[in-house]
Amino acid sequence: MKNASVKITLKLFICGVLWSILTLAIAGIFTPLTNFFFKDIIFVEGLIMLLMSITSAINSKSLGMSYYILNEIYSKYMDNKAFTKDNIFNTLNNINFHLFLNWISIAIGGFIDILLIFIL
Numbered sequence: 001m002k003n004a005s006v007k008i009t010l011k012l013f014i015c016g017v018l019w020s021i022l023t024l025a026i027a028g029i030f031t032p033l034t035n036f037f038f039k040d041i042i043f044v045e046g047l048i049m050l051l052m053s054i055t056s057a058i059n060s061k062s063l064g065m066s067y068y069i070l071n072e073i074y075s076k077y078m079d080n081k082a083f084t085k086d087n088i089f090n091t092l093n094n095i096n097f098h099l100f101l102n103w104i105s106i107a108i109g110g111f112i113d114i115l116l117i118f119i120l
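First residue of the sequence shown? That's 1 in UniProt numbering, and the numbers climb one at a time after it.
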């Protein structure tokens, strides 16, 4: 159990470094094309990656409030119907995202980019 969590953490960190290298390459391409400094482009890319990872980490279902606002008579029945429909949809369309696209690795890459600004 401990070895599996260490392996996953190491893989997430390596994927974060790969995201950071990708953003450094993109910043290297955009620096001669624009009037911005290399550090500024890296900082903005790091912030964008952090915001992307934060927003992709949020999960919620807002079906209950929509039925409450509509003042449905059979709201419990409708909630149960929507819940079972969502469960069927989620089980049929179970998508396994690769570790490279995990929001934690994107956040690590953005954090590394922001730390690189202070080093450069």
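By construction, the Cβ of each residue, glycine as well, lies at the ideal position given by its N, Cα and C atoms. From a predicted model like this one, the values you see are computed outputs, not experimental measurements.
From residue i to residue j, what does the alpha carbon distance come to, in whole angstroms?
i           : j           : result
residue 45  : residue 23  : 7 Å
residue 14  : residue 27  : 20 Å
residue 8   : residue 17  : 14 Å
residue 36  : residue 104 : 28 Å
residue 48  : residue 3   : 32 Å
residue 55  : residue 109 : 15 Å
residue 57  : residue 12  : 15 Å
residue 119 : residue 25  : 17 Å
residue 117 : residue 34  : 18 Å
residue 50  : residue 10  : 19 Å
Skipping 5 residues on each side, what residues in its chain have a beta carbon closer than 7 Å to that of residue i?
i          : result
residue 52 : 106
residue 31 : 38, 41
Decide if residue i is buried, meaning its Cβ has at least 16 other Cβ atoms within 10 Å, or exposed.
i           : result
residue 102 : buried
residue 5   : exposed
Apart from the five residues on each side of it in sequence, which residues of its chain come closer than 8 Å, Cβ to Cβ, to residue i?
i          : result
residue 29 : none
Please list, in chain order, all residues of the same chain as residue i whose beta carbon is under 6 Å from its beta carbon, the five residues on each side excluded.
i          : result
residue 20 : 109, 112, 113
Okay, do the segment 38–53 and the segment 99–114 touch, 3+ Cβ pairs below 8 Å being the bar? Verdict: yes, contact present.
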